[in-house]
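One structure is given here, and the rest of the page talks about it.
Residue numbers (this note's numbering): 138 to 397.
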C-alpha cells in the first residue's frame, strides 16, 4: 500500500537531506492508501478539482496551502483558516477526501531550479557549495536580445522588465527563480551580484526587488512565479511516479496575471 508518507520518504531519499519544517502532510490523513497523485504549483481550487477528476486522492503542492505564509504575522480575527480563500481550499480538499502534501525547498533542490535554467537554455558556470549559487553564460550579448530569448523560451508574449536600454551589454546571468526576486529575498540577489551577475532573469519580483538590482545598473526580467517553476512541477511528477510506481500527473497552474 502506498501512502502520503511514502511521498515524503521518496523525496527525502532523492534529496539526501531531511525535509524542511514547512514541508510534509498539510491536510488530511497521512496514511491513506493512494489512488493517484497530482502535482501542482499551488493547491488552487482548479488544481484540487483537476486532481479529483483524475481519480487522485492526494495533491502535492509546492507553495503554502493557505495564507499568510508561515512567519508572516496576521492581526486578523477569526483564525486565518476561516478566511474565504483559505476556507474554500480546505472545504474542497475535505469534500474530495483528499490529502495534501507540501514539497517546497526539497523540490527546488531536486528539480525546480535546474528545470528553469534548462528551459531558458542556459549554460551554467562553475558554482558554489549551494546548488543555486551559480551564474550562467548569457546566450546573447545585450539586454534587448535577452528579453526576446526569454520570451521565446518561456512562451510568453510579454514580460515585465527594468527600464535599462535594449543595447545594455550582458554576460553573466543570475536566476532568482520562484519568489527569490522579491524584495524580501534580496539577500539571495545580493549573493548573485557579488558573484558577478550583470543581468537577472527572475520568477517573481516587485518594485523594491527590481530597484535593488537596477540601482547598480543590473537589468532585470520577470517571468512569473508560476511559470518559472512549471517545468519543475512536471519533473517532480515524473520523479514521484517513478519512485512510487503510481499514477502521478502534473496539473498546470497558469500565470495569475496578464498584460492589459
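C-beta atoms are modelled at their ideal positions from N, C-alpha and C, and glycine is treated no differently.
For the candidate residues 285, 361, 198 and 289, whose alpha-carbon lies nearest to that of residue 312?
One-based indexing of the chain shown puts residue 312 at position 175. For the residues 285, 361, 198 and 289, the minimum Cα distance to residue 312 belongs to 361.
Item to complete: Using the DSSP secondary-structure output, state which residues sit across from residue 175 in a beta bridge.
Response: Here the question's residue 175 lines up with position 38 in the chain shown. DSSP output for residue 175 lists 196 and 386 as bridge partner(s).
Practice prompt. Please name the residue or residues paired with residue 342 in a DSSP beta bridge.
Written response: Numbered from its first residue, the chain shown carries residue 342 at position 205. According to DSSP, residue 342 bridges with 318.
- Query: At which residue ranges does the stretch 248-316 contain complete alpha helix (DSSP H) runs of 4 or more residues, listed in the order of the chain?
  - Reply: 250-256 and 280-291
Worksheet entry | Proximity below 8 Å, CB of residue 359 to CB of residue 387 | Position 222 of the chain shown, counting from 1, holds the residue named residue 359. Position 250 of the chain shown, counting from 1, holds the residue named residue 387. Cβ atoms of residue 359 and residue 387: not closer than 8 Å.
Once DSSP output is grouped into helix, strand and coil, what is the label at residue 137?
The requested residue 137 does not occur in the structure, where the chain is confined to residues 138 to 397.
Using DSSP with H/G/I as helix, E/B as strand and the rest coil, what is residue 239?
Translated into the one-based positions of the chain shown, residue 239 becomes position 102. It is a strand residue.
- Task: With distances taken Cα to Cα, identify the nearest neighbour of residue 172 among 193, 229, 235 and 186.
- Result: Start at 1 with the first residue of the chain shown, and residue 172 comes out as number 35. Among 193, 229, 235 and 186, the Cα nearest to that of residue 172 belongs to 193.
| As assigned by DSSP and simplified to three states, the class of residue 336 | For the purposes of this step, residue 336 is identified with residue 199 of the chain shown, where counting begins at 1. The answer is strand: DSSP assigns residue 336 an E or B state.
Reference residue 168; option with closest CA among 146, 179, 178 and 294: As a first step, residue 168 must be located in the chain shown, where it is residue number 31. Considering only alpha carbons, the answer is 146.
- Task: Count the other CB atoms, across all protein chains shown, that sit within 10 Å of the CB of residue 254; report buried if there are 16 or more and exposed otherwise.
- Result: Numbered from its first residue, the chain shown carries residue 254 at position 117. Buried, since its Cβ has 16 or more Cβ neighbours within 10 Å.
ask   = Who are the Cβ neighbours of residue 306 in its own chain at under 7 Å, not counting the five residues just before and after it?
value = Sequence index remark: in the chain shown, residue 306 carries index 169 (1-based). Here the set comprises 278 and 279.
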